[in-house]
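So the structure is just underneath, and the comments pick up after that.
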Amino acid sequence: MSAQVHVPSLFARVGTASALTLAVTSSMLAPGLVSDAEAATAHSTKALKVAASKKGAPYKYGAAGPSRFDCSGLTLYSFKKAGKKLPRTAQQQYNKTRHIAKSQRKRGDLVFFHSGRSVYHVGIYAGAGKIWHSPKSGDVVRLARIWSKSVWYGRVR
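Each number in our numbering corresponds to the 1-based position in the sequence shown with 7 added.
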């Protein structure tokens, strides 16, 4: 459904546009008109696509791409390609993100696996209870179901 849209005088009259067209146009033309949550979502969506594009890349401890990854190396690489800087380790990444509840998680948020207060693994939430991650030595970057209830969620700012 289309709606008549009035754009501030800074821009030419858009005319009839869908909400999606307006959101995309306004975010490209005037970044200040987009909320922080919407901007975070754009970076997170791109990072998710980057991680998915690395499907099948082998795990290597300490590796951060472009062809081999450990868990935090994959998230660091993916968000760097999306224009966001993250620290190197899963624990440092957790400390740097905005912590959110499970009910607030969105595609592209980070999923941190923990034991007690220590984070030991990270992946990128793909929706439907799944993450893209680089699991362990001998394995490859892949989509997997979240296997534990001991997880925290973080949104990259």
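Cβ atoms here follow ideal geometry from the backbone N, Cα and C, with glycine treated the same way.
When the Cα atoms are used, what is the spatial distance from residue i to residue j?
i, j, result
"Lys143", "Asp116", "21 angstroms"
"Leu150", "Lys156", "18 angstroms"
"Arg3", "Ala135", "Since the first and last residues shown for the chain are 8 and 164, residue 3 lies out of range."
"Ser74", "Lys56", "15 angstroms"
"Tyr68", "Thr82", "14 angstroms"
"His106", "Phe119", "10 angstroms"
"Tyr160", "Arg95", "17 angstroms"
"Val129", "His140", "7 angstroms"
"His121", "Lys103", "16 angstroms"
"Ala70", "Ala133", "22 angstroms"
"Arg124", "Lys87", "26 angstroms"
"Tyr4", "Ser51", "This structure does not reach residue 4, given that the chain is present from 8 up to 164, and the question cannot be answered."
Is the distance from the Cβ of residue i to the Cβ of residue j below 8 angstroms?
i, j, result
"Lys53", "Phe76", "no"
"Gly63", "Val163", "no"
"Ala108", "Ser85", "no"
"Cys78", "Ala49", "no"
Give the range of the beta strand (DSSP E) segment to which residue i is assigned.
i, result
"Gly80", "Unbroken run through Gly80 is the alpha helix (DSSP H), 78-88; no beta strand (DSSP E)."
"Lys137", "137-140"
"Val126", "125-134"
"Ala151", "149-152"
Pull up the CB-CB distance for residue i and residue j, whole angstroms please, since I reckon it's below 8 angstroms.
i, j, result
"Gly80", "Gly72", "6 angstroms"
"Ile153", "Ile138", "6 angstroms"
Would you kindly report the start and end of the unbroken alpha helix (DSSP H) that includes residue i?
i, result
"Lys103", "97-103"
Run through the DSSP bridge pairs and tell me what residue i is partnered with.
i, result
"Gly161", "His106, Leu117"
"Ser122", "Ser125"
"Ala70", "Paired residue(s): none; Ala70 is not in a bridge."
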